[in-house]
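First residue of the sequence shown? That's 40 in our numbering, and the numbers climb one at a time after it.
Okay, structure first, notes after.
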Amino acid sequence: MTGAHRRPPRPGVEWEFDTLTVPRELPRTVVTRMLVERAEIGGWELDRLRIGADGVRRVVLRRKIIRQRLTLFG
40 MTGAHRRPPR PGVEWEFDTL TVPRELPRTV VTRMLVERAE IGGWELDRLR
90 IGADGVRRVV LRRKIIRQRL TLFG
């Protein structure tokens, strides 16, 4: 149901992407609640949402990758 991958849209910014495929049987309120939970708990934001002709929702979420820089004092 999910698959995470990474792609940099522009230099200096790295994003992590997570792809979800949601079946048409799930009500809209359940899907909304699921996406809100992922946003609040995991820091994800909606990148793309496509609803196919068969009713399947394909959702792409993204979050920024924050790298910690090593600093040496001495």
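Using N, Cα and C, we set each Cβ at its ideal position, and we do this for glycine too.
query                                                                                                                                        : result
By DSSP's criteria, I90 is part of a beta bridge. Which residues make up the other side?                                                     : R96
To the nearest angstrom, how far is the alpha carbon of E55 from that of K103?                                                               : 6 Å
Assuming W83 and L65 form a contact by the criterion Cβ under 8 Å, report the distance between their Cβ atoms to the nearest whole angstrom. : That pair is no contact at about 18 Å.
Rounding to the nearest angstrom, what Cα-Cα distance links D57 and L111 in this structure?                                                  : 34 Å
Between the C-alpha atoms of I90 and L109, what's the straight-line distance to the nearest angstrom?                                        : 43 Å
Using the DSSP secondary-structure output, state which residues sit across from L85 in a beta bridge.                                        : L100
Considering only the alpha carbon of each residue, which of R96, E53, V52 and I80 lies closest to L59?                                       : R96
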